[in-house]
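Novice: Residue numbers (my numbering): 52 to 214.
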């Protein structure tokens with residue numbers, strides 16, 4: 052149980068630090084993106100934010116896997132799953148914000164305008180898209196990135212110290 056809470060604590064810090072870094076990248080790239088003709092600013096913010104989030108998420112997970120020295124899939128999976136439940140609770144309390152949901156907020160806004168340009172029931176549809184894209188990003192993007200990063204870090208640690 053102690054290992055689980057240690058992993059959860061580390062995953063919490065890594066995950067939300069990565070989301071914050073993705074937000075920072077989106078903000079820094081926002082001004083240059085406005086000058087590029089033909090790029091929707093929501094897609095630009097999504098792409099830059101998700102790339103920033105993924106890169107830092109992988110890097111920090113790799114470092115933690117190296118530091119943990121071993122990869123335990125069950126503990127890692129349960130810890131990340133608990134983190135996603137906490138994220139869902141935070142979204143229910145505070146709403147979808149970029150610092151909680153990640154850059155999927157921008158993708159949801161873009162898809163809403165494509166699907167429903169008149170914005171009939173726009174707020175309700177936007178919330179549904181935000182939730183859907185957040186869950187997809189969690190399980191399709193973030194979970195594999197964290198797991199692979201930790202696995203490769205632990206593998207590298209074993210390789211470095213087996214000699």
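Quick reminder that beta carbons are idealized off the backbone N, C-alpha and C, glycines included.
Can you look up residue 172 in the DSSP assignment and give me helix, strand or coil?
Specialist: Locating residue 172 in the chain shown gives position 121, counting from the first residue. Reduced to three states, the DSSP call for residue 172 is coil.
Novice: List the endpoints of the continuous alpha helix (DSSP H) containing residue 90.
Specialist: The residue you call residue 90 lines up with position 39 of the chain shown. No alpha helix (DSSP H) holds residue 90; DSSP gives it neither H nor E.
Novice: Could you check which residue in 200, 108, 213, 161 has the C-alpha nearest to that of residue 215?
Specialist: As displayed, the chain neither begins before 52 nor continues past 214, which places residue 215 out of reach and without an answer.
Novice: On the criterion of 16 or more Cβ atoms from any shown chain inside 10 Å, does residue 181 qualify as buried, or is it exposed?
Specialist: As a working mapping, residue 181 is identified with position 130 in the chain shown. Buried: at least 16 other Cβ atoms inside 10 Å.
Novice: If you check the beta carbons only, do residue 135 and residue 107 fall under 8 Å apart?
Specialist: Taking the chain shown and counting its residues from 1, one reaches residue 135 at position 84. Taking the chain shown and counting its residues from 1, one reaches residue 107 at position 56. Against a cut-off of 8 Å, the Cβ pair of residue 107 and residue 135 comes out as no contact.
Novice: Near residue 97, what residues of its chain come up, given a Cβ to Cβ distance below 6 Å and the 5 sequence neighbours on each side ignored?
Specialist: As a position in the chain shown, residue 97 is number 46, starting the count at 1. Within the same chain, residue 97 has close Cβ partners 154, 157, 158.
Novice: Can residue 54 and residue 126 be called in contact, C-beta distance under 8 Å?
Specialist: The residue you call residue 54 lines up with position 3 of the chain shown. The residue you call residue 126 lines up with position 75 of the chain shown. A contact, by the Cβ cut-off of 8 Å.
Novice: Give the C-beta separation of residue 99 and residue 70 to the nearest angstrom, bearing in mind that I take them to be a contact with Cβ-Cβ under 8 Å.
Specialist: For this step, residue 99 is matched to residue 48 along the chain shown. For this step, residue 70 is matched to residue 19 along the chain shown. Actually they do not touch by this definition, with Cβ atoms about 13 Å apart.
Novice: Taking a contact to mean a Cβ-Cβ separation below 8 Å, would you say residue 116 touches residue 202 in this structure?
Specialist: Locating residue 116 in the chain shown gives position 65, counting from the first residue. Locating residue 202 in the chain shown gives position 151, counting from the first residue. Result yes, Cβ atoms of residue 116 and residue 202 sit closer than 8 Å.
Novice: Could you round the C-beta distance between residue 152 and residue 185 to whole angstroms and report it? I think they count as a contact, below 8 Å.
Specialist: Numbered from 1 along the chain shown, position 101 holds the residue referred to as residue 152. Numbered from 1 along the chain shown, position 134 holds the residue referred to as residue 185. At roughly 5 Å, the Cβ-Cβ gap stays under 8 Å, so residue 152 and residue 185 are in contact.
Novice: Should residue 124 be labelled buried (16 or more other beta-carbon atoms within 10 Å of its own) or exposed?
Specialist: By 1-based counting over the chain shown, the position of residue 124 is 73. Looking at its Cβ environment, which holds fewer than 16 other Cβ atoms inside 10 Å, residue 124 is exposed.
Novice: Taking DSSP as the reference, what is the three-state secondary structure of residue 167?
Specialist: Residue mapping note: residue 167 aligns to position 116 of the chain shown, counting from 1. Residue 167: coil per DSSP, three-state reduction.
Novice: Can you check whether the CB of residue 66 is closer than 8 Å to the CB of residue 133?
Specialist: Taking the first residue of the chain shown as position 1, residue 133 is located at position 82. Taking the first residue of the chain shown as position 1, residue 66 is located at position 15. No; because the gap between Cβ atoms is not below 8 Å, this pair is not in contact.
Novice: Please classify residue 60: does DSSP put it in a helix, a strand, or coil?
Specialist: The residue labelled residue 60 in the question sits at position 9 within the chain shown. Residue 60 falls in the helix class under three-state DSSP.
Novice: Grouping DSSP H, G and I as helix and E and B as strand, with all else coil, what is residue 146?
Specialist: Here residue 146 refers to the residue found at position 95 of the chain shown. The answer is coil: DSSP assigns residue 146 none of H, G, I, E or B.
Novice: With distances taken from CA atoms, which of 122, 167, 210, 57 is nearest residue 45?
Specialist: For the chain, the structure presents residues 52 to 214; residue 45 sits outside this window and is missing.
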